[in-house]
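Comments concern the structure below.
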Amino acid sequence: MTAIALALCRAGFEAEAAADLAAIARTARASIEVDPTRGAAFVVARLPRHDRAAWRRAVTVRPPVFLRSHFTGSGPHLIAVGASTRPDRIAPLVAALAALAASPEHAAPWLAPWIEFADTNEGKALSTLARALDGRLASALRERGLVAGAAARRPHVFLVDGTTSYVGTSEAGTGSTWPLGIPRFALPRAAPSRSALKLAEAITVFLGDRTDALLHMGQAAVDLGAAPGGWTWQLVARGLQVTAVDNGALAPALARDPNVEHVRADGLKWRPRRPVDWLVCDIVEQPVRIASLVADWIATGTARNAIFNLKLPMKRRHDEVERCAALIRDRLDAAGIDATVAFRHLYHDREEVSGCVLRRR
98 MTAIALALCR AGFEAEAAAD LAAIARTARA SIEVDPTRGA AFVVARLPRH
148 DRAAWRRAVT VRPPVFLRSH FTGSGPHLIA VGASTRPDRI APLVAALAAL
198 AASPEHAAPW LAPWIEFADT NEGKALSTLA RALDGRLASA LRERGLVAGA
248 AARRPHVFLV DGTTSYVGTS EAGTGSTWPL GIPRFALPRA APSRSALKLA
298 EAITVFLGDR TDALLHMGQA AVDLGAAPGG WTWQLVARGL QVTAVDNGAL
348 APALARDPNV EHVRADGLKW RPRRPVDWLV CDIVEQPVRI ASLVADWIAT
398 GTARNAIFNL KLPMKRRHDE VERCAALIRD RLDAAGIDAT VAFRHLYHDR
448 EEVSGCVLRR R
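Count along the sequence shown from 1, then add 97; that gives the number in our numbering.
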């Protein structure tokens, strides 16, 4: 059976997800067949002559932007047969996963399985079925020695509907942190806006287990386009001193916070008197202009690191992200700055992507 790659994404971004998979395949020097369906919120690609090790290396070298989560495996598999009102879906799922485990590329032991579905109204209708299968499938795999407490791979079951699924595995180092690639952050009552969740997700995704070392009490940050203050609030909650730059008003409680200085100015033109540890920016502006702004702040030493948003055009969104990434990298290379540049279409992003620049030294 031809290997598949299955990727989850935001509905409407299937073409961009397919472009991500194609870019990974090019890096891995692998052939790929993909025909995305708009609105599906997932993409399935066929991978003739799949080399799992090369694919894994390619994901590390060329991380995807628009994929919430993805795995490689097999399918589609029929998991409910006959007229029974309560078909046994566990047996066919275990059989499909056991066949996968026989391959060295997917070898067990595995972490506990994730049963996933598309982030659409049709997909969410499968959530009850997914919950019903979850514990039973994990137990069945554990009985067969396929699931252990600590492992390097995670098995996935993607429910297309109540009768059809894809199965596969992801690597612990390159797979999603959350089932469906969807984080579960609660909005604190004190947060001025839901944008605080967007920055919380960006910090988790981009900084990971280095968060405490890279973002901590005593640092100075600038928030461009701050009002009403969701991002500023998130930074202050982590102990940073924040200069919030926006001609608009901050939330009253945030405006009174001694760790916040509100500067009423144009965020595209304003610069601090002294260098800061962090620049964050959520200004609504052309992507290339924000990319140039961020590149200038880092290249001149005005800020050491940055997290920012790019508001995307309606068409050629993947190309626009590539263009902005190249602009930033070229500017930093010219300035002799050694930094990582990464982009992700986060769950809390809509018609935008989040970017992060981290200096290595």
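Heads up, the beta-carbon is just placed ideally off N, CA and C, and yes, glycines get one too.
Inset, instruction - Evaluate contact between the region 247-254 and the region 202-220, counting only Cβ atoms and requiring at least three cross-stretch pairs below 8 Å. - result: When C-beta atoms of the region 247-254 are compared with those of the region 202-220, three or more pairs fall below 8 Å, so the two segments count as touching.
Inset, instruction - Report yes if the C-beta distance between Ala100 and Cys106 is below 8 Å; otherwise report no. - result: The residue labelled residue 100 in the question sits at position 3 within the sequence shown. The residue labelled residue 106 in the question sits at position 9 within the sequence shown. No, they are not a contact pair.
Legend entry - Inter-residue Cα distance where the pair is Gly136 and Ala108: As a position in the sequence shown, residue 136 is number 39, starting the count at 1. As a position in the sequence shown, residue 108 is number 11, starting the count at 1. One C-alpha to the other measures close to 5 Å.
Legend entry - Other residues of its chain near Gln316: CB distance less than 6 Å, five sequence neighbours each side excluded: For the purposes of this step, residue 316 is identified with residue 219 of the sequence shown, where counting begins at 1. For Gln316, same chain residues with a beta-carbon under 6 Å away, outside a window of 5 residues either side, are Leu337, Asp374 in chain order.
Inset, instruction - Report the option in Ala102, Leu103, Gln331 whose CA atom is closest to the CA atom of Leu284. - result: On the sequence shown, residue 284 is found 187 positions in, with the first residue counted as 1. From the listed residues Ala102, Leu103, Gln331, the smallest Cα separation to Leu284 is found for Gln331.
Legend entry - Whole-angstrom distance between Ala297 and Leu455, CA atom to CA atom: In the sequence shown, the residue the question calls residue 455 occupies position 358. In the sequence shown, the residue the question calls residue 297 occupies position 200. Going from the Cα of Leu455 to the Cα of Ala297 covers about 17 Å.
Legend entry - For Pro252, the first and last residue of its enclosing beta strand (DSSP E): As a first step, residue 252 must be located in the sequence shown, where it is residue number 155. Per DSSP, Pro252 belongs to the beta strand (DSSP E) from 250-256.
Inset, instruction - Give every residue of the same chain whose Cβ lies closer than 7 Å to the Cβ of Thr308, excluding the five residues on either side of it in the sequence, and list them in chain order. - result: By one-based count along the sequence shown, residue 308 stands at place 211. Beyond the five residues adjoining it in sequence on each side, Thr308 comes within less than 7 Å, by CB distance, of Ile300 in the same chain, given in chain order.
Legend entry - Complete runs of the beta strand (DSSP E) confined to the region 189-250 [at least 3 residues]: Correct list: 211-213.
Legend entry - C-beta neighbour in chain B for Val391, strict 8 Å: Among the protein chains of the structure shown there is no chain B, as only one such chain exists.
Legend entry - Contact between the region 228-237 and the region 125-133 (3+ Cβ pairs under 8 Å): Contact fails: fewer than three Cβ-Cβ distances are below 8 Å.
Inset, instruction - Pull up the distance between the alpha-carbon of Asp343 and that of Ala248, whole angstroms please. - result: Within the sequence shown, residue 343 is the residue found at index 246, counting from 1. Within the sequence shown, residue 248 is the residue found at index 151, counting from 1. Spanning the two alpha carbons is a distance of roughly 47 Å.
Legend entry - Cut-off 7 Å between Cβ atoms - residues of its own chain near Gly172, not counting five sequence neighbours on either side: If you number the sequence shown from 1, residue 172 lands on position 75. Cβ contact annotation for Gly172 (same chain, cutoff 7 Å, sequence separation greater than five): Ile101, Ser262, Tyr263, Val264, in chain order.
Inset, instruction - Going by DSSP, name the residue or residues bridged to Cys453. - result: Counting from one through the sequence shown, the residue named residue 453 turns up at place 356. DSSP, once it has assigned bridges, lists Ile404, Ala439 as partnering Cys453.
Legend entry - Leu351 and Val357 closer than 8 Å at C-beta: Residue 351 sits at position 254 when you count from the first residue of the sequence shown. Residue 357 sits at position 260 when you count from the first residue of the sequence shown. Inclusion of Leu351 and Val357 in the CB contact set at 8 Å is warranted, their separation being smaller than that value.
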